[in-house]
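Note sheet for the following structure.
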Amino acid sequence: MTDRIFNVLFLCTGNSARSILAESILNKDGEGRFRAFSAGSQPKGAVNPFALKVLKSFDYPSEGFRSKGWEEFAGPDAPVMDFVFTVCDNAAGETCPVWPGQPMTAHWGIEDPAAVDGPDIQKEAAFVAAFRYMKNRISAFTSLPVASLDKASLRTKLTEIGQSDGASSPRNSAA
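Our numbering numbers the first residue of the sequence shown as 2 and each following residue consecutively.
Rendered as structure tokens:
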């Protein structure tokens with residue numbers, strides 16, 4: 002068993018919903034084995050209030066999040082990422098920065114709960130669904146013996162996780 006902490010970056014276009022959910026879930030459920038971050042290619046500038054409400058309702062960290070650009074994680078002073086996951090289809094199709102350390106990448110797309118129109122109850126339900134899908138992916142990820150899997154096996158497992166229930170796109174690659 003390794004004491005190494007793995008750095009994980011979740012990318013989305015706006016960094017206001019899905020990537021924020023993922024960051025909070027992994028930081029709590031990763032039990033100190035993972036350090037999660039999130040960013041966007043075109044950050045909205047604010048975190049969606051429904052993302053924070055749903056995190057809080059499931060007793061996950063909901064404080065201190067901000068919508069930020071991915072360039073923060075591409076510079077020489079940024080933490081070196083071990084994994085980079087795109088969680089929206091738009092970000093998966095964009096040209097990402099070259100990440101120092103050549104992290105493993107995968108696409109874990111989930112429908113955008115922030116795109117739901119309608120009454121607040123429908124919007125909140127969409128965020129709850131996104132939370133559950135992301136939590137399931139992160140649970141599968143944290144149960145992997147990451148340090149002992151060879152790269153090819155790990156890549157296959159990460160792709161399979163991204164194709165699990167709730168996948169928004171059949172894409173097989175990312176970032």
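For glycine and all other residues, C-beta sits at the position ideal for the given N, C-alpha and C.
Span separating the alpha-carbon of residue i from that of residue j
i: P50; j: P114; result: 12 angstroms
i: K69; j: Q164; result: 27 angstroms
i: V147; j: I6; result: 11 angstroms
i: S174; j: E64; result: The pLDDT assigned to S174 is 37, lower than 50, so where the model puts this residue is not dependable; a value taken from the coordinates is nonetheless given after this. Using only the alpha carbons, I get a separation of about 32 angstroms.
i: P62; j: G110; result: 22 angstroms
i: D90; j: D4; result: 33 angstroms
i: I26; j: M135; result: 8 angstroms
i: P44; j: L53; result: 16 angstroms
i: T106; j: V85; result: 5 angstroms
i: D78; j: A127; result: 36 angstroms
i: A75; j: C13; result: 15 angstroms
i: E161; j: F38; result: 22 angstroms
i: V117; j: K124; result: 6 angstroms
i: L205; j: E112; result: The question about residue 205 has no answer here: the residues shown for the chain are numbered 2 through 176.
Cβ neighbour criterion (16 or more within 10 Å) applied to residue i
i: S140; result: exposed
i: G15; result: buried
i: I122; result: exposed
i: G46; result: exposed
i: M2; result: Low confidence applies here, because M2 scores a pLDDT of 46, under 50, leaving its location unreliable; read the following figure in that light. Exposed: under 16 other Cβ atoms inside 10 Å.
i: K57; result: exposed
i: G33; result: exposed
i: P171; result: Confidence at P171 is low in this model, with a pLDDT of 47, below 50, so its placement is unreliable and no value can be given for it.
i: G41; result: buried
Presumed contact (8 angstroms Cβ cut-off) between residue i and residue j, rounded CB distance
i: M82; j: N8; result: 5 angstroms
i: R88; j: S17; result: Per the sequence presented here, residue 88 reads as Val, with Arg not at that position. About 12 angstroms; that fails the 8 angstroms criterion.
i: E24; j: F35; result: That belief does not hold up - the Cβ atoms of E24 and F35 are roughly 10 angstroms apart, past 8 angstroms.
i: G31; j: T143; result: 6 angstroms
Heavy atom of the ligand MN within 7 angstroms of residue i beta-carbon
i: H108; result: Ligands in the displayed structure: none, and consequently the ligand MN is not present.
Continuous alpha helix (DSSP H) stretch holding residue i: start and end
i: G163; result: 152 to 163
i: L10; result: Segment 7 to 13 is the beta strand (DSSP E) holding L10; no alpha helix (DSSP H) there.
i: F51; result: 50 to 58
i: F142; result: 121 to 143
Terminal residues of the beta strand (DSSP E) in which residue i lies
i: F86; result: 84 to 87
i: S25; result: No beta strand (DSSP E) contains S25, which is instead part of the alpha helix (DSSP H) from 19 to 30.
i: F38; result: 35 to 41
i: A107; result: 105 to 108
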